[in-house]
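Number of protein chains: 2
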Amino acid sequence: MIKSTNMIKRIKTRKLHIGDVPIGGDSPISVQSMTWTKTTDIPGTIAQIRLLHFSGADIVRVAVPDMPSAVALKQICSQTSMPIVADIHFNYRLALEVAPHVQAVRFNPGNIGDKNRIKLIIDRCKEFKIPVRVGVNCGSLESKFEDKYGQTAKGMIQSALYNIKYLEDLDFRDIKVSLKASDVQRTVEAYRGLRPLVDYAFHIGVTEAGTRFHSTVKSSIALGSLLLDGIGDTMRVSMTGELEEEIKVAKAILKDSGIVKDGVNIISCPTCGRLEADLVSAVAQVEHATKDIKTPLNISVMGCVVNALGEAKSADVAIAYGKGSGLIIKKGEIVAKLPTKELLPRLLVEIDKLKDDNYDTA
Amino acid sequence: MIKSTNMIKRIKTRKLHIGDVPIGGDSPISVQSMTWTKTTDIPGTIAQIRLLHFSGADIVRVAVPDMPSAVALKQICSQTSMPIVADIHFNYRLALEVAPHVQAVRFNPGNIGDKNRIKLIIDRCKEFKIPVRVGVNCGSLESKFEDKYGQTAKGMIQSALYNIKYLEDLDFRDIKVSLKASDVQRTVEAYRGLRPLVDYAFHIGVTEAGTRFHSTVKSSIALGSLLLDGIGDTMRVSMTGELEEEIKVAKAILKDSGIVKDGVNIISCPTCGRLEADLVSAVAQVEHATKDIKTPLNISVMGCVVNALGEAKSADVAIAYGKGSGLIIKKGEIVAKLPTKELLPRLLVEIDKLKDDNYDTA
Numbered sequence: 443m444i445k446s447t448n449m450i451k452r453i454k455t456r457k458l459h460i461g462d463v464p465i466g467g468d469s470p471i472s473v474q475s476m477t478w479t480k481t482t483d484i485p486g487t488i489a490q491i492r493l494l495h496f497s498g499a500d501i502v503r504v505a506v507p508d509m510p511s512a513v514a515l516k517q518i519c520s521q522t523s524m525p526i527v528a529d530i531h532f533n534y535r536l537a538l539e540v541a542p543h544v545q546a547v548r549f550n551p552g553n554i555g556d557k558n559r560i561k562l563i564i565d566r567c568k569e570f571k572i573p574v575r576v577g578v579n580c581g582s583l584e585s586k587f588e589d590k591y592g593q594t595a596k597g598m599i600q601s602a603l604y605n606i607k608y609l610e611d612l613d614f615r616d617i618k619v620s621l622k623a624s625d626v627q628r629t630v631e632a633y634r635g636l637r638p639l640v641d642y643a644f645h646i647g648v649t650e651a652g653t654r655f656h657s658t659v660k661s662s663i664a665l666g667s668l669l670l671d672g673i674g675d676t677m678r679v680s681m682t683g684e685l686e687e688e689i690k691v692a693k694a695i696l697k698d699s700g701i702v703k704d705g706v707n708i709i710s711c712p713t714c715g716r717l718e719a720d721l722v723s724a725v726a727q728v729e730h731a732t733k734d735i736k737t738p739l740n741i742s743v744m745g746c747v748v749n750a751l752g753e754a755k756s757a758d759v760a761i762a763y764g765k766g767s768g769l770i771i772k773k774g775e776i777v778a779k780l781p782t783k784e785l786l787p788r789l790l791v792e793i794d795k796l797k798d799d800n801y802d803t804a
Numbered sequence: 443m444i445k446s447t448n449m450i451k452r453i454k455t456r457k458l459h460i461g462d463v464p465i466g467g468d469s470p471i472s473v474q475s476m477t478w479t480k481t482t483d484i485p486g487t488i489a490q491i492r493l494l495h496f497s498g499a500d501i502v503r504v505a506v507p508d509m510p511s512a513v514a515l516k517q518i519c520s521q522t523s524m525p526i527v528a529d530i531h532f533n534y535r536l537a538l539e540v541a542p543h544v545q546a547v548r549f550n551p552g553n554i555g556d557k558n559r560i561k562l563i564i565d566r567c568k569e570f571k572i573p574v575r576v577g578v579n580c581g582s583l584e585s586k587f588e589d590k591y592g593q594t595a596k597g598m599i600q601s602a603l604y605n606i607k608y609l610e611d612l613d614f615r616d617i618k619v620s621l622k623a624s625d626v627q628r629t630v631e632a633y634r635g636l637r638p639l640v641d642y643a644f645h646i647g648v649t650e651a652g653t654r655f656h657s658t659v660k661s662s663i664a665l666g667s668l669l670l671d672g673i674g675d676t677m678r679v680s681m682t683g684e685l686e687e688e689i690k691v692a693k694a695i696l697k698d699s700g701i702v703k704d705g706v707n708i709i710s711c712p713t714c715g716r717l718e719a720d721l722v723s724a725v726a727q728v729e730h731a732t733k734d735i736k737t738p739l740n741i742s743v744m745g746c747v748v749n750a751l752g753e754a755k756s757a758d759v760a761i762a763y764g765k766g767s768g769l770i771i772k773k774g775e776i777v778a779k780l781p782t783k784e785l786l787p788r789l790l791v792e793i794d795k796l797k798d799d800n801y802d803t804a
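Residue numbers (our numbering), protein chains in the order written: chain A, 443 to 804; chain B, 443 to 804.
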């Protein structure tokens, strides 16, 4: 008995669909992003949607700031099979215009205001069977909540409940909710705080997380913490100007938090004074050789014996470097003792064999 | 009232010192790493210690796999003022040899075994007033725990308690504890599980976390989650073959989780179809211009009005781009409305003024 049990007890939420992508319930956690072209630039926007598709995104959001954008979005939707979410603020007519063409709408009833207009949008969503994301953002709270609570997690939770109530009063429950702040603590606090109060699926993300490096760290901390709590049904990593990287980081968060088991996981020691081989180069070669493998494989590449044999037990295949020679270990069994320079080629052969086996992806 | 209260309630631990670096209690969370030169390569090891010092590390660990390394470490310690932790396995004589020269020892009593030998080490640590890290690693659990619990968080916790007891039986409590696994879930589960059972400071880290990208994500998730829980007194990001990057990521985790307030925090939107400016380039310029500022400053650079005014309220200084022009906002007050091309130069002027102010670093 080597592997640990999964500590994550995912919180069950009400299921909805954005196009053919299920969200909530027991659905896989989906990954989404947003185009940053002008939406009226139809070929440019379609190119970004395609880039996101090939990067592995499941859903794409597109801004609809005005009527020309709404008209353009209609054309864009006719030219892509990706599920599209229209991002709408203030103007209810934009929602009415795009609802027949998109797979979801993000709007906050509170920033539409008038109840009749909200009812018009919801009737339209019901007619075309599309869900709504209530997207609360700490930077644009309704003033009554900001005045009372400040730009806090509590303010975001109160805003979400208020916006959700608008929809529930219209007997509409095809809802997901986001509560984004530009820092980790308010974001985590808000999602944790709202989770026990509603059963809607959560779209999780840190907003305006900054550039590549800090967004990677902020999003990993916040989304990782929430996912470990079992919170989160769909996610977005927000990064200034980087579409492919957003998806790469989102998928890494899912994999490195242990939620998704696909592909290769390399366990390699940080290198230290006990090192018996050029580990950095060996790991780089293994990483390169295995980057396209979809089979879930744990590969351990360790530079000395202190932890190598132990780590090898949890690995599908492992190298344990020793003085002048080392071991190839498969599922805890030593299968070869070889001179150092023969270890890496042999590991790659063993990986090749393993990836062709029909692995259980459970 | 704009800023949120800090959600982190740091768990108070028993304080110790590694050289002049306090750990636990109310001490700042320190950052450490480990050299990966052969320890017998004295100039090489000193060069890595120096690199870590200039990267911002507080403490450096050095492997002592054999007696020549122990002898070399003595010389290394005489040539550096960095606090040095000797990493020792199996051989008690190595600990006796280095104890007079280093600022801490990491060893697991269970892998020394013989009680008399453990007592010799502890007597030596008492004599030279140096603490011990009990460093449990999921890949090298004592077989009695691995047989019973597998390589699980529970196995790590039991191993830690068993190793701690050896030291407490010798009336030694100058202890910190680590519980590292090569994956996020077991790591987080182990530290959370042990936290209520002892009052010792925790050294937190994911072991063998892999190469730069995945280590950044894994360490951010695991260490970030723990830090948000108030767990962790000193930390290491483990990364195959990257010393400066380890420290950079560790410091980013502390800053982006909101624990450390130093330096500039840039809030920039992910760009979308509402964008009114070349935000990517603007943010890159702000990031470059502010990279050496130590004053805690929140700078917001937003591409449209939807969230810009809200975010600007929590920022020390902000740009909100609009159509053809935009606003400069200081602490929520609009101080200038300027044509787009004048916004960035003005922001940099305002940042310059702010960084010279005597900011409260609380």
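C-beta atoms are modelled at their ideal positions from N, C-alpha and C, and glycine is treated no differently.
query = Where do the N-terminal and C-terminal ends of the alpha helix (DSSP H) with residue 628/A fall, by residue?
reply = Annotation for residue 628/A: the continuous alpha helix (DSSP H) segment containing it runs 626 to 636.
request  = Report buried or exposed for residue 645/A, applying the criterion of at least 16 other Cβ atoms within 10 angstroms of its Cβ.
outcome  = Buried, because 16 or more other Cβ atoms sit within 10 Å of the Cβ of residue 645/A.
query = residue 504/B and residue 526/B: beta carbons closer than 8 angstroms?
reply = Taking 8 angstroms as the Cβ cut-off, residue 504/B and residue 526/B qualify as a contacting pair.
Which of helix, strand or coil DSSP assigns to residue 808/A = For residue 808/A there is no data in the structure shown, the boundaries of chain A being 443 and 804.
task = Output yes if chain B places a C-beta closer than 8 angstroms to the C-beta of residue 712/A; else output no.
result = Chain B contact via Cβ: present.
ask   = For the segment 620 to 638 of chain A, which residues have a beta carbon sitting closer than 7 angstroms to at least one beta carbon of chain B?
value = Those residues of the segment 620 to 638 of chain A that come within reach of chain B (Cβ to Cβ, closer than 7 angstroms) are 624, 625, 626, 627, 628, 630, 631.
query = Which residues, in chain order, does the segment 473 to 506 of chain B contribute to contact with chain A at a C-beta distance below 9 angstroms?
reply = Of all residues in the segment 473 to 506 of chain B, 475, 476, 477, 478, 479, 480, 481, 482, 483, 487, 503, 504, 505, 506 have a Cβ within less than 9 angstroms of some Cβ in chain A.
task = Measure the C-alpha to C-alpha separation of residue 673/A and residue 633/A and round it to an integer number of angstroms.
result = Taking the straight line from one Cα to the other gives about 8 angstroms.
key: Whole-angstrom distance between residue 679/A and residue 500/A, CA atom to CA atom   = Linking residue 500/A to residue 679/A through their CA atoms gives a straight-line distance of about 13 angstroms.
query = Does residue 558/A come within less than 8 angstroms of chain B when only Cβ atoms are used?
reply = It does not: the Cβ of residue 558/A has no partner Cβ on chain B nearer than 8 angstroms.
Minimum C-alpha distance to residue 579/B - residue among 625/B, 556/B, 794/B = Of the candidates 625/B, 556/B, 794/B, the one whose C-alpha sits nearest the C-alpha of residue 579/B is 625/B.
inquiry  = In this structure, how does DSSP classify residue 463/B when only helix, strand and coil are distinguished?
reply    = Strand.
query = Taking 8 angstroms as the CB-CB cut-off, is residue 546/A touching chain B?
reply = No, because no Cβ of chain B sits closer than 8 angstroms to the Cβ of residue 546/A.
ask   = Cβ atoms of residue 652/B and residue 682/B: under 8 angstroms apart, would you say?
value = Yes, the Cβ-Cβ distance between residue 682/B and residue 652/B is below 8 angstroms.
inquiry  = Let's test the definition: count the other Cβ atoms within 10 Å of the Cβ of residue 454/A and tell me whether it reaches 16, buried, or not, exposed.
reply    = Exposed is the call here.
request  = Name the one or two DSSP bridge partners that residue 772/B has.
outcome  = In the DSSP assignment, residue 772/B is bridged to 759/B, 775/B.
inquiry  = At the 8 angstroms Cβ level, is residue 520/A part of the contact set with chain B, yes or no?
reply    = Judged by the 8 angstroms Cβ criterion, residue 520/A is not in contact with chain B.
request  = Hey, could you find the ends of the beta strand (DSSP E) residue 621/B is sitting in?
outcome  = Residue 621/B: member of the beta strand (DSSP E) spanning 617 to 622, first to last residue.
request  = Starting from residue 449/B, find everything on chain A with Cβ-Cβ shorter than 7 angstroms and list it in chain order.
outcome  = Residues of chain A passing the Cβ test: 627, 631.
message = Please list, in chain order, the residues of the segment 749 to 763 of chain B that have any C-beta partner in chain A closer than 7 angstroms.
response = Those would be 749, 752, 753, 755, 756, in chain order.
inquiry  = By the three-class DSSP mapping on this structure, what secondary structure does residue 583/A have?
reply    = Shown here, residue 583/A sits in coil according to DSSP, grouped into three states, outside any helix or strand.
query = Among 702/A, 714/A, 768/A, which one has its Cα closest to the Cα of residue 738/A?
reply = Cα-wise, what sits closest to residue 738/A is 702/A.
query = Cβ of residue 744/B within 8 angstroms of Cβ of residue 714/B?
reply = No, the Cβ-Cβ distance between residue 744/B and residue 714/B is not below 8 angstroms.
inquiry  = Given a cut-off of 8 angstroms on the beta-carbon distance, is the pair residue 700/A and residue 627/B in contact?
reply    = Residue 700/A is a Cβ neighbour of residue 627/B, given a cutoff of 8 angstroms.
message = Tell me which residues share the same chain as residue 802/A and place their Cβ nearer than 6 angstroms to its Cβ, disregarding the 5 neighbours each side in the sequence.
response = In this prediction, residue 802/A scores a pLDDT of 40, lower than 50, which makes its location untrustworthy; the coordinate-derived value is nonetheless stated afterwards. Excluding five sequence positions before and after residue 802/A, none of the CB atoms of its chain fall closer than 6 angstroms to its own CB.
task = Kindly indicate if chain A contains any beta-carbon less than 8 angstroms away from that of residue 601/B.
result = Contact of residue 601/B with chain A is not assigned, every C-beta pair being separated by 8 angstroms or more.
Whole-angstrom distance between residue 489/B and residue 583/B, CA atom to CA atom = For residue 583/B and residue 489/B, the gap between their C-alpha atoms comes out near 33 angstroms.
Bridge partner(s) assigned by DSSP for residue 739/A = In the DSSP assignment, the residues bridged to residue 739/A are 706/A.
inquiry  = Below 8 angstroms on the Cβ atoms is my contact criterion, and I expect residue 709/B with residue 757/B to pass it. Report the Cβ-Cβ distance as a whole number of Å.
reply    = Residue 709/B to residue 757/B, Cβ: 6 angstroms. Contact.
Interfacial residues, the segment 589 to 616 of chain A to chain B, with Cβ spacing under 7 angstroms = Residues 592, 593, 594, 595.
query = Do we get a CB-CB distance below 8 angstroms when we pair residue 715/A with the residues of chain B?
reply = Yes, residue 715/A counts as interfacial toward chain B.
query = Under the three-state reduction of DSSP, which class applies to residue 724/A: helix, strand or coil?
reply = DSSP places residue 724/A within a helical segment (H, G or I) once states are collapsed to three.
query = By Cβ distance below 7 angstroms, which residues in the same chain neighbour residue 727/A in space, the five residues on each side in sequence not counted?
reply = When the five nearest sequence neighbours on each side are left out, the beta carbons in the same chain lying within less than 7 angstroms of the beta carbon of residue 727/A are those of 786, in order along the chain.
query = Hey, how far is the Cα of residue 690/A from the Cα of residue 457/A?
reply = Spanning the two alpha carbons is a distance of roughly 25 angstroms.
ask   = Per DSSP, residue 472/A is paired with what?
value = 676/A, per the DSSP bridge assignment.
query = Along the chain, which unbroken stretches of the alpha helix (DSSP H) at least 4 residues long are found entirely within the segment 638 to 703 of chain B?
reply = Listed in chain order, the complete alpha helix (DSSP H) runs (minimum 4 residues) inside the segment 638 to 703 of chain B are 654 to 670, 685 to 698.
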